[in-house]
Amino acid sequence: MELHDQYGLTPVINARGPFTPLGVSRSTDRVASATAEALSGFFVMEELKDLADRTIVQVMGGEAGAVVHCTSAAVTLSVAASMTGTSESRIAALPNTEGMRRTVLLPAGHAIDYGHPIMQDIRLTGATPALVGSDARCSLQELEENLARPGVACLLLVSSRLTRGEDIPLAEAVAAAHRHDVPAIIDGAAQDFRIEELLGAGADLVTVSGQKYLRSPTAGLVIGRADLVRAVRAQEKGIGRAMKPSKEAIFGVVAALRARQEMNRPVWEQEQYDKVARFTERANGLRGIGAAIVPDPTGLPFPRARLRVDAAGAGMNAAALARALQSGSPQIWVMAHDQEKGDLTLELIPLTDPELDVILSRLSELLRPVPD
Ligand SMILES: *Cc1c(COP(=O)(O)O)cnc(C)c1O
20 MELHDQYGLT PVINARGPFT PLGVSRSTDR VASATAEALS GFFVMEELKD LADRTIVQVM
80 GGEAGAVVHC TSAAVTLSVA ASMTGTSESR IAALPNTEGM RRTVLLPAGH AIDYGHPIMQ
140 DIRLTGATPA LVGSDARCSL QELEENLARP GVACLLLVSS RLTRGEDIPL AEAVAAAHRH
200 DVPAIIDGAA QDFRIEELLG AGADLVTVSG QKYLRSPTAG LVIGRADLVR AVRAQEKGIG
260 RAMKPSKEAI FGVVAALRAR QEMNRPVWEQ EQYDKVARFT ERANGLRGIG AAIVPDPTGL
320 PFPRARLRVD AAGAGMNAAA LARALQSGSP QIWVMAHDQE KGDLTLELIP LTDPELDVIL
380 SRLSELLRPV PD
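If you want it as structure tokens, here you go:
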């Protein structure tokens with residue numbers, strides 16, 4: 020809280036998950052001190068990038084890995100790599116794509132907006148995105164037909180709770196791309212816990228966020244085929260200049276990856292479950308609230324707390340409750356994407372017990388019966 024006091028900033032309890040407008044995640048002291056220590060040193064940056072490469076491969080798998088500024092940058096540079104390879108003249112030419120394959124296919128339901136449209140990450144390279152299928156459905160046959168078109172640079176798939184429509188089997192979509200000699204990129208920004216599965220689907224490159232569940236400083240990781248990762252790194256002489264990793268981010272990522280490697284997954288997963296169970300049990304006593312433990316829709320290994328708001332019992336609907344939580348002090352932010360259905364969802368991973376107490380006491384104040 021020191022910085023909040025020092026600069027008069029709004030205190031926030033973030034139960035919305037790794038949300039960019041709220042500062043995404045909380046780093047551990049170990050990551051913070053590695054990051055701070057980096058700031059006062061000079062380094063041969065290529066050595067740092069090689070260190071990141073080795074650490075990513077050890078902890079996450081793949082043939083090679085690179086750190087770039089963020090996941091948005093990772094998507095842009097992965098697309099660029101698929102168009103240019105390591106050709107210096109092509110890298111220098113972007114976003115002029117003359118003479119290159121320049122169509123980037125993606126299922127229509129994967130054209131997500133995570134605060135800005137992923138389509139713009141593609142267009143930034145000079146490529147032309149082409150949507151396949153509809154928001155509701157993109158069949159493998161439709162993908163296959165489009166992959167046969169001339170000039171396809173890559174297939175971009177997204178693994179996120181933000182995608183729309185029927186799930187697309189990733190391994191089969193990747194296999195279809197490979198039948199047409201087209202590389203497949205999967206954006207799994209928040210899917211670092213499922214990286215093995217995404218690489219296992221055969222993806223040529225997977226992009227992952229450092230600052231989301233890995234809890235490093237802001238960074239994007241690109242993991243996969245060695246030649247394509249080299250081509251991503253080579254973009255720093257071109258459009259990647261504005262998307263480069265800082266020395267402190269690289270040290271922070273390396274420390275966060277080491278922590279992930281040493282993490283006792285079963286113990287951590289049990290702790291997350293227990294925390295959500297304790298919270299929902301207490302929330303179930305509140306007027307007009309039905310609380311439940313719900314799994315992550317993408318298969319992340321932790322649950323969230325869902326509050327189903329009965330407007331008549333609670334005296335307000337879910338949207339009004341979310342607004343009221345956000346307008347108090349500290350501001351309490353929850354996931355409100357299903358508020359029309361009467362549901363608010365809370366992600367509790369980074370929160371302390373005193374913060375959970377604040378949320379529950381604010382809820383009970385807001386839901387107190389009006390005295391007559
Ligand atoms: C958060 C997110 C991004 C962007 O990540 P940044 O590191 O903020 O650029 C991209 N894709 C998906 C699916 C995301 O969830």
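Following the working numbering, the numbering of the sequence shown begins with 20 at its first residue and continues without gaps. Ideal Cβ positions, reconstructed from N, Cα and C, are used throughout, including at glycine. Keep in mind the model is a prediction, meaning the values are calculated, not measured.
Assignment of Arg-323 by DSSP, reduced to helix, strand and coil, places it in the strand class.
Non-local C-beta neighbours of Ala-250 in its own chain, meaning closer than 7 Å and more than five positions away in sequence, comprise Ala-100, Thr-103, Gly-104, Thr-105, ordered along the chain. Distances from the CA of Asp-376 to each of Ile-351, Ala-355, Lys-360 were compared; the closest alpha carbon is that of Ile-351.
Secondary structure at Ile-32: strand, using DSSP grouped into helix, strand and coil. Under the three-state reduction of DSSP output, Ile-312 falls in the strand class. Contact between Ile-110 and Leu-276 fails: their C-beta atoms lie close to 28 Å from each other, not under 8 Å. DSSP places Ser-178 outside both helix and strand once states are collapsed to three, so it counts as coil.
Distances between the C-beta of Leu-181 and the heavy atoms of ligand 1 include at least one below 8 Å. Checking the DSSP bridge columns, you'll see Gln-350 partnered with Val-31. Note that the C-beta distance between Leu-363 and Leu-379 is not below 9 Å. By the beta-carbon neighbour count (other beta carbons within 10 angstroms, threshold 16), Asp-372 is exposed. Ligand 1 never approaches Ala-127 closely enough for any of its heavy atoms to be under 8 Å from the residue's Cβ.
Contiguous alpha helix (DSSP H) elements confined to the stretch 76-143 occur at 90-103, 107-112, 137-142, taking only those with 4 or more residues. Pro-202 is the residue among Asp-72, Thr-182, Pro-202 whose C-alpha sits nearest the C-alpha of Ala-190.
About 17 Å separates the CB atoms of Ser-44 and Thr-226; that is not less than 8 Å, and the two are not in contact. Within the same chain, Cβ atoms closer than 8 Å to the Cβ of Asn-165 are found at Leu-124, Ala-149, Val-151, Val-171, the five residues on either side in sequence being excluded. Counting only the Cα atoms, Asn-33 lies some 16 Å from Ala-209. Scanning its chain for C-beta atoms nearer than 7 Å, with the 5 sequence neighbours on each side dropped, one finds around Ala-57 the residues Lys-266, Glu-267, Phe-270, in chain order. When secondary structure is reduced to three states using DSSP, Ala-355 falls in the coil class, being assigned neither helix nor strand.
DSSP places Ala-149 in the uninterrupted beta strand (DSSP E) bounded by 147-151.
Straight across, the Cα-Cα distance linking Val-78 with Ser-179 is about 22 Å. Considering only Leu-326, Arg-284, Ala-278, Val-273, the residue with the shortest C-alpha distance to Thr-299 is Leu-326. Residue burial annotation: Ala-331 is exposed, with fewer than 16 other C-beta atoms found within 10 angstroms of its C-beta.
The C-beta distance from Cys-157 to Ile-137 rounds to 15 Å, too long to meet the 8 Å contact threshold. Setting aside the 5 residues that flank it on each side, Asp-72 is surrounded in the same chain by Ala-83, Gly-84, Ala-85, Val-248, each with a C-beta closer than 8 Å to its C-beta; the list follows chain order. Taking C-beta separations shorter than 8 Å and ignoring five residues to either side along the sequence, the partners of Leu-181 in its chain run Ile-131, Asp-132, Tyr-133, following chain order. Contact annotation, Leu-176 with His-135: C-beta distance approximately 19 Å; criterion of less than 8 Å not satisfied.
Not one heavy atom of ligand 1 lies closer than 8 Å to the C-beta of Ala-245.
The C-alpha of Val-272 is placed about 35 Å away from the C-alpha of His-199. Check the Cα spacing between Gly-80 and each of Ala-195, Ala-222, His-88: the tightest is with Ala-222.
When the Cα atoms are used, Ala-296 and Leu-224 turn out to be separated by approximately 37 Å. When secondary structure is reduced to three states using DSSP, Leu-305 falls in the coil class, being assigned neither helix nor strand. Taking 9 Å as the cut-off, the beta carbon of Leu-344 is found no closer than this to the beta carbon of Leu-370. His-356 and Gly-309 have their C-alpha atoms spaced approximately 17 Å apart. Taken in chain order, no unbroken stretch of alpha helix (DSSP H) lies wholly in the stretch 217-245 with a span of 4 residues or more.
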